[in-house]
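Everything below concerns the one structure shown next.
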Amino acid sequence: MSLVTTYCSHCFTRNRLPAEKTDSNAKCGRCHQPLFSHSPVACRQTNFDAVIQSDIPVVVDFWASWCGPCLQFAPVFQEIALELEPRIRFVKLDTEQEAAIASRYAIRSIPTLMIFKGGQILAQRSGSLPKSLFKEWLLSTAAAPK
Numbered sequence: 001m002s003l004v005t006t007y008c009s010h011c012f013t014r015n016r017l018p019a020e021k022t023d024s025n026a027k028c029g030r031c032h033q034p035l036f037s038h039s040p041v042a043c044r045q046t047n048f049d050a051v052i053q054s055d056i057p058v059v060v061d062f063w064a065s066w067c068g069p070c071l072q073f074a075p076v077f078q079e080i081a082l083e084l085e086p087r088i089r090f091v092k093l094d095t096e097q098e099a100a101i102a103s104r105y106a107i108r109s110i111p112t113l114m115i116f117k118g119g120q121i122l123a124q125r126s127g128s129l130p131k132s133l134f135k136e137w138l139l140s141t142a143a144a145p146k
């Protein structure tokens, strides 16, 4: 039996579970809430490093509240999260609130999307995408087994 590690969408505790149990019914071992929220989770400096260590790919939307393209892309990010989680996890990181993380990853243009798995960057791209291209990019880059 193969195990995967991922974070809880509520308390951000790392959880280890059988790969075949990564479905909507999985519960956190600590807070007993569902592990997967099917919507993007706002990340902070206090939990970012733990979140990107997930064995399930994590796509991070680096954004800012004053950025028009970021606000335009937000509903697309939300819709795709609803479709693809738990195969892929979805996180939003406000670059104004979390400038140290944005600096660490040299975020110069927003929105910037990065896909992490096990703490490593798998892919990145800048700019807003239409839903079909975003989904295609995710599935071709980060598709994880169900």
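Using UniProt numbering, count along the sequence shown one by one with no gaps and you end on 146.
Even for Gly, the Cβ is constructed at its ideal location relative to N, Cα and C.
Reduced DSSP category for residue i - H, G, I as helix; E, B as strand; rest coil
i, result
"N15", "strand"
"K146", "With a pLDDT of 38 at K146, under the threshold of 50, the predicted position of this residue should be treated as unreliable, and no value is reported."
"R104", "helix"
"D49", "helix"
"S65", "coil"
"I88", "coil"
"S132", "helix"
"L35", "coil"
"S109", "coil"
"S54", "coil"
"C28", "coil"
Of the residues the options, the one placed nearest residue i, counting alpha carbons only
i, options, result
"G40", "T141, L113, S140", "The sequence given here has Pro at residue 40, not Gly. Among T141, L113, S140, the Cα nearest to that of P40 is on L113."
"P34", "A19, Q72, A50, P86", "P86"
"D55", "L17, L84, C11, Q72", "L17"
"V58", "T5, A100, L129, S126", "T5"
"K135", "D61, A50, P69, L84", "L84"
"H10", "L93, C31, Q78, R104", "C31"
"T13", "S2, G29, L129", "G29"
"S65", "I115, R104, Q97", "Q97"
"V60", "Q72, C67, R44, G68", "R44"
"L122", "L139, P111, S132, L129", "L139"
"S126", "K21, C70, I52", "C70"
Residue range of the unbroken alpha helix (DSSP H) whose run includes residue i
i, result
"K21", "Note, K21: premise wrong, no alpha helix (DSSP H); not H, not E."
Where the beta strand (DSSP E) containing residue i begins and where it ends
i, result
"T95", "Element bounds for T95: n/a, residue is neither H nor E."
Residue(s) in a DSSP beta bridge with residue i
i, result
"T6", "N15"
"Q120", "K117"
"R125", "L113"
"residue 162", "One cannot answer for residue 162 here, as it falls past the ends of the chain, which runs 1 to 146."
"V60", "V91, M114"
Any non-hydrogen atom of the ligand SAH closer than 8 Å to residue i Cβ
i, result
"S65", "In terms of ligand content, the structure shown is empty, and the ligand SAH therefore cannot be addressed."
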